[in-house]
Each structure stands twice: as structure tokens, then as C-alpha cells.
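Beneath this line is the structure, given in C-alpha cells, with notes to follow.
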Amino acid sequence: MGFLLEARNVTKTFGGLTAVDNVSIGVKSGEVLAIVGDNGAGKSTLIKMISGVYSPDAGSFYFDDKQVKIEHPRDSLGLGIETIYQDLALAENLNVYSNIFLGREQTKRLLGLIEVLDHSYMYSESRKILERLDIKIPALKSKISTLSGGQRQAVAISRSIYWNARVLIMDEPTAALGIAEQRKVLDLVRSLKQHGIGVIIISHQMHDVFSVADRIVVMRRGQKVADTKRDETNTDEIVKYIVGAETVVT
Amino acid sequence: MSKSKQEPVVLSEYEARKTAVVLARNWAALFLLFLIVVFSFSGGAGFFSATNLQNVLHLSTTFLILAAAQTFVIISGGIDLSIGFVMGLSSVSAAKIMQILHAGDNPVGMTILIGMFVGLVVAVPPGLVSGILIAKYKVPPFIATLGMWGITNGITLHICEGFPVGFLPQLVTKIGNGFLFFILPGKESWMLIRPDGLSGEEIRSLTRIIPSSTIFVVVLLLILWHILHNTKFGQHNYAIGGNEDAALRSGIHVRRHLIIVYTLSSFLAGIAGVFNVFQTGIGNFTPFTAMYELYAVAAVVIGGASLSGGSGRIFGSVIGVMLIATLENGLSISGVAPFYRFIAVGLILILAVTIDQLFPKLISRRAAA
């Protein structure tokens, strides 16, 4: 109880494959929850249900202890759940600020009549958020396809931060980044936590997990095999859960 | 080795690259200008006269509307093969209603309005159905609209029984072939509709300025340009064509958007069909040999759009249409046999896509050098 966002007993099957099997997780505000597991353990499927990309076959979601429906990404965005996807989900043919405002474009009225996109507002707001995150992208009007992997990741992160999320989900946020940038992302996670945001982070990097997470959930073959406080476990134990040497559900 | 020596080289390299990119991006417009110059020499006054150029515009009206419709669909990452036959369906339906009402001695204004209305309404279901099939049931756009291509053509031929639908009020062609100004030099002038009772000689010396059809299509294109470039709808269209998954995850109603896009495309084809009735005074079914939909695709691609979606411009498609129209008109006035026109259009289409493929390399190769 006391979770900001909670998924209870969610299940998702694709044909004959049960990708996520009766899993419950929750994140409190100001908490960093790490989800770890091998490839194909169901981590991404689980968070895609929370973000509304997949609809679960069974189970329910609670936000602020009230049951909510998440059937479309719009629903979860509406609740204040922002997601940074592993594949970043950027429209490469659009420019930086258009991606930050994608789906939530700012408009203004010309002569009080015709509604048009407010490019200058979106441009300057994007510049502000990038500065706040200390991210340097030379031209906000350049298309995503001209940016490097790290810059793209930075755009995806700024997009989620800009909208004042209450829950932020990060799927492998440091995968495409250099060492310095990785550190920046982890610093960002800590500062979000201080602002009372609930963060769910999926990562393969044990070092990252142990440096930022408060709690660690281990998934294996679609099931939750461990849910433990970081301080009460260690890397070896987590790795054992991941590979299936021990199966204990707390 | 000093920096000051290297800098000018780097700068000129950059300039050259920039020029190449600008040329590659606007080659269609430049090529159009080139064609106009060439045909002005080869065709003389027959080509380069206010009358003929206005004629090219006037005859391109429906083609421009179809290409604009196709632009929306192609940017969203799809294709609409049904627009040619939807145009025929609307044309025949509008004319059939006008024919029936006219034969019953109904008021001309009402006859025309109801005919127009019916022509536009019948254009909606084909696009709506394709849109639902594509968005909801994941039928590939090529197949869904190819299905509608056959269905709408069959229905059209059933309605018109294989013949153009005639016997419409005369006012129809007067509106459709109107010009902003009709001027009898030194005597009188009229607006929009050519007056009755002119002698044959007077008609020959009548100066016509700006076809009404051109005014209409320019207004329509401006509205469509506005939707595509200044609205959320337009922005979402590019986003869906660029990365449908990203668009969905950003909270965009992708399904609803695609249904609207195909419905819009079909509706625009309906406008083109009704327009065709006004221009010709009859309801024309679309013959198989017309291949309007493929010409529209060609124009859009020549205009710089990519068939994989995410790019394209209304203005580019307009250039594409005018390029093909000018080519056909210019070649025929210059006395070139008709089959060369097909060859010419084919060559330009291939040229367009080749330039499109070369264009990104143009940047990266230079950057690597």
C-alpha cells in the first residue's frame, strides 16, 4: 500500500507465449524501482502495459490508490506517467522540438481565428528544458535523423522530463550513452527522486541498478521472482535470481 | 599547415555541398522552368501564350486535387489507389442526379446543388472503409485501396451503364469554364460567367483572364497546405509516416488519424469528380487507361515525397503535377507523337526517385570527405 502507481496481477500473452504472468509491482513517490532480468524475461512487456502500448489480458492498475484504466498511451500520459523507451520512439523525420512536443503540440491563434502550431514557443521551451538538463544539442531545428545516438537519447529524456511526470519509466536509459553521459542520467534519476517522482528503471547494468535503486524487482520467464530492498541484497544474490539459481518470492 | 590556409577550402566545400543540396531539393521546380523555356522555343506562341498556359492550369485542376489527396496519404506512410475511380464515381453520381432533376424541370440552382452534394457524399464511404480496414484491421493500404479501386469502378459503371452521363443544365459548364474576367477589348467586360448572345467573332476575340477553376483549386490547396504545415493534424501526419510506433506512444490517436486521412483523400477525389462535371458538362466514368491514381503518385514523388512516408510537401506535389502537365501539353503542341509522352513521364519519375536516393548520400559523402 501507499504506492503512487501499482500494477496488480497483470498478465499478457502473445499467442501461446505468456510474456508476463500474474505480476504485481508498485512504485512509491520519491522511490526508484529497478526491474532486472534476462532478455525475454518480460520487463519491456510489463512496462509497455503500464505505459498503455499493450493492454493486459488480466490485472488492473492503481494510481494514487484509485483504480485506473490504461488502454492507450494517451491514458497513461494523462495520469502523468512518462516513458523513455529502449528504442527511444522518436520520429526521425521531425526536428528536435517537434519530438519533445509530439502529440502535445502547442498551438496559438492567428488573428483570433486560425489555429496554428506555435513553433517559437515550442522552440524556446525545448531550449529551456535542454539547458536545465545541461544537454547540448546544437540545432533544435535539425531532424532527429542527423543526431548521434547519445543526442537522441537526450532528446527522449528531455521529452519525458518536460511534462512534469509523476512517474517516469526508463527502459535501458543508459544503453546508447558514453560514460560521462551515463553518469548524467543517473544523477538525473537521483534528482527526480528528490522531487518526489516515482522512477521505474529497467537496466542490465548491475552497477547502475545498485547505485540508484531503492528497491529491485527481478523478473524471470514472465514471472516476478524477487522483490527486495537494495540494502537487503547484493549483486550476487540478484544475479542468482536472474539466472534462476534461487527462487524466492518475498 | 596554418589554419588560415585551410579555412577557405572548408568553407567552399561547405558552400558546394549546400548548393548541391538546394539544387537536388528543388530540381523539379528548376526542371519545370527549363521545360517552359524549351517548349517556348519549340512550340512558339502556341505554347507560350496566356491562353495556352491558362489552359494547362485549367486542365490540371482535377489532377492537382488528386495529387494533394495523395500527398496526405503518402506522407502518412500509405498509398491510395482508389482516388481515380472514386473521382469517376462522384462525377457520374453527381451528373446522374443532375440529369434526373433537370429532366424533371426542377429549378436549375437546386438541381446543381443537390447533384454536387450527392457527388461529394458518395466519395466518403470508400475512404472511410479503406481507412477502417487499414487502421483497425491492419490491411496494407495498397490492398485496401486496391479493393476500393475495383469496387468503386464497378459501382460507377453500373450507375452510368458504361456511357458518360449527359443532358445537364447548361449553367454547369458555364460555371466550370468561367474565368475571373471576360474582356471584349475596347467594349465590355464580365466576371465569372461568359455572357450569352455573343457573335462567333466576338467569342474569338474575347480575352479570358484567370480561370475560375484555378482560383478554386488555389484556395483549396492553400487550405490543405495550412492543414498539413500549421496544424496538429498535419504534424501528426508526418510523425505517423516517420515512425508510427513513436506517434502511438506519444499519445497520438493513430487509428483515428489514419481513418481521417483516407476519408479526406477520398473526399478530395470526390471534389475532383464533381469539378470534372462542371468542366466537361457530363459525368465521366474513369477509364481503366486513365490511371489517375498512378499519375498522382508520380506527381507526389516527383514533388519530393518518399513512398516510405514521413516526407512530402503540397507545393512539391503541385510542381510535380505542373511538370507532367507542361510536359504533355508542350510535347503535343511541339508535334511530338503521343507515345513519347508516356516515355517522358516515365523517365522523369525514375529521375525523381534516383535523385531522392542520391540526395542523402550527397550530404554524407561530402561530409566524410
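Chains as they are written, first to last, in the numbering used here: chain S, 1 to 250; chain R, 1 to 369.
All C-beta atoms, glycine included, are put in the ideal place defined by N, C-alpha and C.
- Those residues of the region 85-97 of chain S placed with their C-beta closer than 9 Å to a C-beta in chain R are Y85, D87, L88, A89, L90, A91, E92, N93, L94, ordered along the chain.
- Using a CB distance below 8 Å, the part of the region 103-119 of chain S facing chain R consists of G103, R104, E105, T107, I114, E115, V116, L117, ordered along the chain.
- Contacts between N237(R) and chain S, judged by CB atoms closer than 7 Å, are missing: the closest CB pair is about 11 Å apart.
- No Cβ of chain S is located within less than 8 Å of the beta carbon of S317(R).
- At the C-beta level, L94(S) and K136(S) stay beyond 8 Å of one another.
- Counting the other Cβ atoms within 10 Å of the Cβ of Q67(S) gives fewer than 16, which makes it exposed.
- Exclusion of the five residues before and after E6(S) leaves G26, Y62 as the residues of its chain whose Cβ lies within less than 6 Å of its Cβ.
- For G251(R), the residues of chain S that pass the 9 Å Cβ criterion are G52, H72, P73, R74, D75, S76, L77, G78, L102, G103, R104, in the order they occur in the chain.
- Within the region 201-232 of chain R, the residues whose Cβ lies closer than 9 Å to any Cβ of chain S are, in chain order, H226, H229, N230, T231, K232.
- Within the DSSP secondary-structure output, F14(S) pairs in a beta bridge with L17(S).
- Remark: C-beta atoms of I179(S) and I84(S) do not approach each other more closely than 8 Å.
- In the DSSP annotation of this structure, G30(S) is not part of any alpha helix (DSSP H), being labelled neither H nor E.
- The beta-carbon distance between L180(R) and I210(R), rounded to whole angstroms, is 4 Å. This is short enough to meet the 8 Å contact definition.
- Neighbours of S311(R) in chain S, taken as residues whose beta carbon is under 8 Å from its own, are N93 in chain order.
- Here the C-alpha atom of G310(R) lies approximately 39 Å from the C-alpha atom of V172(R).
- In the three-state reduction of the DSSP assignment, M98(R) falls in the helix class, which pools H, G and I.
- Each of D227(S), D214(S), G37(S), S98(S) was checked against the Cα of V243(S), and the nearest Cα belongs to G37(S).
- Chain order gives no chain S residues near G77(R), where near means a beta carbon separation below 9 Å; the closest approach is about 10 Å.
- Sorting Q170(R), S189(R), G200(R) by C-alpha distance to the C-alpha of H102(R) places Q170(R) at the top.
- The beta carbon of A305(R) lies closer than 8 Å to those of T71, I74, I75, S311, G312, R313, G316, S317 in the same chain, with the five residues before and after it left out.
- Inter-residue distance for F210(S) and E237(S) is about 12 Å (C-alpha atoms, whole angstroms).
- With fewer than 16 other Cβ atoms inside 10 Å of its own Cβ, T51(R) counts as exposed.
- Taking 8 Å as the cut-off, the beta carbon of G273(R) is found closer than this to the beta carbon of G119(R).
- Under the DSSP assignment, D171(S) falls in the beta strand (DSSP E) whose first and last residues are 167-171.
- Proximity to S126(S) across A34(S), L113(S), E105(S), T146(S) peaks at E105(S), based on C-alpha coordinates.
- Each of L186(S), R190(S), H195(S), Q223(S) was checked against the Cα of Q205(S), and the nearest Cα belongs to L186(S).
- Taken in chain order, the unbroken stretches of beta strand (DSSP E) that lie wholly in the region 219-249 of chain S and span 3 residues or more are 223-229.
- Taking the Cα positions, R220(S) is about 14 Å away from S203(S).
- Close partners of L248(R) in chain S (Cβ separation under 8 Å): V53, P73.
- Using a Cβ-Cβ cut-off of 8 Å, G304(R) does not count as an interface residue toward chain S, since no Cβ of chain S sits closer than that to its own.
- Of the candidates K229(S), K184(S), N164(S), N164(S) places its Cα closest to the Cα of L77(S).
- Within chain S, the residues placing a beta-carbon under 8 Å from that of G242(R) are A91, E92, N93, L94, ordered along the chain.
- Among the residues of chain S, those whose CB is under 9 Å from the CB of D245(R) are V53, Y85, D87, A89, following chain order.
- For Y123(S), the closest C-alpha among the options R166(S), L110(S), I100(S), K108(S) is that of I100(S).
- Taking a contact to require three or more Cβ pairs closer than 8 Å, the region 82-96 of chain R and the region 116-134 of chain R qualify as touching.
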